[in-house]
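Residue numbers (this note's numbering): 19 to 87.
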């Protein structure tokens with residue numbers, strides 16, 4: 019099975035590397051193509067749940083790092 023990695027980009031989307039299936043709350047899949055998927059965190063994407071770069075336009079700010087172990 020291929021490895022899945024999720025990266026939280028500072029002031030940007032969640033970037034998922036590896037095979038992933040994104041489904042709505044009914045369980046219906048969204049079409050996903052390619053090895054990398056970016057999910058919106060700012061809430062302004064016109065292509066939700068996927069990122070369309072709107073975070074840059076609206077000045078989305080969220081740089082909190084992961085907690086230290």
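We treat Cβ as the ideally placed atom computed from N, Cα and C, and that holds for glycine.
Legend entry - Any non-hydrogen atom of the ligand COA within 7 Å of residue 54 CB: Of ligands this structure carries none, so the ligand COA is not represented either.
Inset, instruction - Determine the extent of the alpha helix (DSSP H) in which residue 24 is found, giving its start and end residues. - result: It is not in any alpha helix (DSSP H) - residue 24 instead sits in the beta strand (DSSP E) that spans 23-26.
Inset, instruction - May I have the straight-line CA-CA distance separating residue 37 from residue 51, to the nearest angstrom? - result: 9 Å
Legend entry - Nearest to residue 54 (by Cα), restricted to the options 25, 85 and 84: 25
Legend entry - Residues near residue 23 in its chain [Cβ-Cβ closer than 8 Å; skip 5 each side]: 34, 35 and 36
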